[in-house]
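Numbering (this note's numbering), first residue to last: 21 to 187.
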């Protein structure tokens with residue numbers, strides 16, 4: 021099948037519009053997370069990821085560090101760094117498990133509980149909560165698309181912590 025010049029031009033316009041919409045959508049996502057993180061930092065003196073830790077602990081209670089990392093889809097080193105900062109600021113405390121002294125649990129202090137009650141829900145969590153609602157067949161194309169974006173950006177080996185974390 022041979023396409024006419026008009027059909028080829030229409031395909032290119034459609035392709036350009038699609039690329040433009042992808043870029044706009046990515047900008048919206050990044051901007052929403054950045055704005056939220058800035059607002060939280062200004063108002064509460066902590067980063068968006070730190071607030072997300074506080075909110076996650078407030079929902080799930082006394083959590084082992086490993087469980088907290090799994091719930092937030094973060095590496096243990098990232099969770100440890102976030103907990104270190106939150107502990108220094110007086111929002112959380114580490115407690116050894118009574119049954120297994122090797123297990124370290126994290127719980128909110130009174131100050132952390134007050135923060136969890138008054139602060140807004142974390143923007144980063146929206147992504148995970150939304151993805152959790154999807155069926156596997158809906159997740160796969162998103163996964164493939166995001167992986168392709170990482171390849172396009174040649175970012176496979178970029179070390180990451182979390183969106184706009186300042187620590």
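For glycine and all other residues, C-beta sits at the position ideal for the given N, C-alpha and C.
Keep in mind the model is a prediction, meaning the values are calculated, not measured.
Taking a 10 Å sphere around the C-beta of residue 67, we find 16 or more other C-beta atoms and assign the residue as buried.
Classified as buried, residue 105 has 16 or more neighbouring CB atoms from the shown chains inside 10 Å of its CB. For residue 146, the closest alpha carbon among the candidates 35, 30, 49 is that of 49.
Taking 8 Å as the upper bound for CB-CB distance, residue 143 and residue 74 are not in contact here, some 14 Å apart. Under the three-state reduction of DSSP, residue 47 is assigned to helix. Scanning its chain for C-beta atoms nearer than 8 Å, with the 5 sequence neighbours on each side dropped, one finds around residue 125 the residues 82, 83, 84, 85, 114, 115, 116, 117, in chain order. DSSP, read as helix, strand or coil, puts residue 74 in helix. Bounds of the beta strand (DSSP E) holding residue 127 are 124-128.
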